[in-house]
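Each residue of the sequence shown is one higher than the one before, starting from 1 at the first, in the UniProt record's numbering.
What follows is a single structure, written as structure tokens, with notes after it.
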Amino acid sequence: MRVALVSMYTTHHEETGATRRLRRTAELLAERDHEVTVLCAKWWDGEVVEFKQDGVTYHRVTDSPAVGGFASRVPFALREVSPDVIQVASYPPSHVTAVKTAARFLRTPVVADWWTRDERGGSRAYRRAAKAPNAVLVPSEMVRTQVRELGAAVDSTHLVPEPISMDLVRSADAEERADVVYARDLDEHANVESFLLALAELRDKDWSAVVIGDGPERSTAEQTARDLRIDDRVEFLGELPANEAVPIMKGAHVFAQTATVEPFATNLLWALACGCVSIVEYQARSSAHELVEGRERGSLVTSPQELADEIVAARRFDHETVDDDFAAYDFRRVIEQYESVYETERDDYGFF
Numbered sequence: 001m002r003v004a005l006v007s008m009y010t011t012h013h014e015e016t017g018a019t020r021r022l023r024r025t026a027e028l029l030a031e032r033d034h035e036v037t038v039l040c041a042k043w044w045d046g047e048v049v050e051f052k053q054d055g056v057t058y059h060r061v062t063d064s065p066a067v068g069g070f071a072s073r074v075p076f077a078l079r080e081v082s083p084d085v086i087q088v089a090s091y092p093p094s095h096v097t098a099v100k101t102a103a104r105f106l107r108t109p110v111v112a113d114w115w116t117r118d119e120r121g122g123s124r125a126y127r128r129a130a131k132a133p134n135a136v137l138v139p140s141e142m143v144r145t146q147v148r149e150l151g152a153a154v155d156s157t158h159l160v161p162e163p164i165s166m167d168l169v170r171s172a173d174a175e176e177r178a179d180v181v182y183a184r185d186l187d188e189h190a191n192v193e194s195f196l197l198a199l200a201e202l203r204d205k206d207w208s209a210v211v212i213g214d215g216p217e218r219s220t221a222e223q224t225a226r227d228l229r230i231d232d233r234v235e236f237l238g239e240l241p242a243n244e245a246v247p248i249m250k251g252a253h254v255f256a257q258t259a260t261v262e263p264f265a266t267n268l269l270w271a272l273a274c275g276c277v278s279i280v281e282y283q284a285r286s287s288a289h290e291l292v293e294g295r296e297r298g299s300l301v302t303s304p305q306e307l308a309d310e311i312v313a314a315r316r317f318d319h320e321t322v323d324d325d326f327a328a329y330d331f332r333r334v335i336e337q338y339e340s341v342y343e344t345e346r347d348d349y350g351f352f
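Below is the structure:
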């Protein structure tokens, strides 16, 4: 199948949840022998129109990110690529409607991949974008609700979560580095302070902790650990690839999730698959609670004190290193969900 993924931004322009999801989807589709082209602003050197990396063709629409210019030129790029199905990122929202207009002439279905509502987009534009596609893919029920509130039809939204590699989870050795783990980009939404305050409540207990992740708030978090006098028991490891983070999670007993904004809590999912007892601090703009609700080895809290109490209570559970309940989130299973939506939308267009 010829699949066009339309996104002005890629991870080469900015590392966000949306661009990482785009790259992961493109590479997984390519691994399954689909012909994948990402229509984007140029990020490579030279004058060539296309650049291939990891089995994915990146096709230049504009020389640099420019919302208006990209929207006006993407129809011509789509005509050149001639895809069987088009998937477009929800930001900028004006690109969703531009792609839908072009797709009518190409007689090609449009699927929008909706990570979250970017604050740089306008309300009216997002409402038009929610209604325009043939289908909308969302990473969580929280985001599904947001898209429906913007006007997307109930039967047009499809939950497609972020994937993990169960092969890696099963094969990795456990590394006994820490008892408690926090893992996330350390940005303004990380809320590492809640995690550290909880640990500070447990000064008289025997524990060690690691923070996996990097970002602009790392130095503040490290200073907070020093101010709370727990810096000798909390190790900041920086950003780690999955093959290094998974052994640490398998060796740990507890994973704490405190971020205030999370369209999908991917690191929490990895930890759950690694058998961690996982504690989520409920946040109105985070979907993390969806992964632990109703699970014996998961709990919800609303304060650092409750988080501290649950860390202590987690001792009642045996240590585990693999939870096969999360096999449904494996890369292979998730990419099949993308394919299923594509095929259904093509069928509705009368191709099959």
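Cβ coordinates follow ideal geometry from the N, Cα and C atoms, glycine included.
All values reported here derive from a predicted model rather than from experimental measurement.
Coil, strand or helix - residue i by DSSP
i    : result
Q283 : coil
A209 : strand
A183 : strand
K250 : helix
F236 : strand
G69  : helix
G298 : strand
T344 : helix
E50  : strand
D227 : helix
E309 : Note on identity: in this sequence residue 309 is Asp, with Glu being the wrong assignment. Here D309 sits in helix by DSSP.
E339 : helix
T19  : helix
S135 : Note that residue 135 corresponds to Ala in the displayed sequence, not to Ser. In the structure shown, A135 sits in a strand (DSSP, three-state: E or B).
V111 : strand
D330 : strand
T321 : coil
According to DSSP, residues forming a beta bridge with residue i
i    : result
V85  : V3
H95  : For H95, which the question treats as bridged, DSSP gives no partner whatsoever.
T57  : T37 and K52
E262 : S286
V277 : V254
H158 : L137
Short Cβ contact (8 Å threshold) for residue i with residue j
i           : j    : result
H95         : V6   : yes
A172        : E235 : no
S208        : R229 : no
V74         : A102 : yes
residue 357 : A183 : This structure does not reach residue 357, given that the chain is present from 1 up to 352, and the question cannot be answered.
M8          : V85  : no
Y126        : A18  : no
The ligand FAD heavy atom lying under 7 Å from the CB of residue i
i    : result
Q257 : By its list of ligands, the structure shown contains no ligand whatsoever, and the ligand FAD lies outside what it can speak to.
Contact belief for residue i with residue j at Cβ below 8 Å, rounded distance in angstroms
i    : j    : result
D330 : S165 : 7 Å
V312 : L197 : Contact doesn't hold; Cβ gap of about 15 Å is too wide.
E336 : N134 : Not quite, the Cβ-Cβ distance comes to about 19 Å (not below 8 Å), so this is no contact.
A259 : S286 : 6 Å
V188 : L159 : Reading off the sequence shown, one finds Glu at residue 188, where the question assumed Val. That pair is no contact at about 27 Å.
Test: residue i CB closer than 8 Å to a CB of chain C
i    : result
I279 : Protein chains in the displayed structure number just one, and chain C is not present.
Pairing CB atoms from the region 28 to 36 with CB atoms from the region 61 to 78, are three or more of them under 8 Å? no
Using 8 Å as the Cβ pair cut-off and three pairs as the minimum, do the region 213 to 230 and the region 151 to 168 touch? no
Do the region 252 to 261 and the region 277 to 290 touch if we need at least three Cβ pairs shorter than 8 Å? yes
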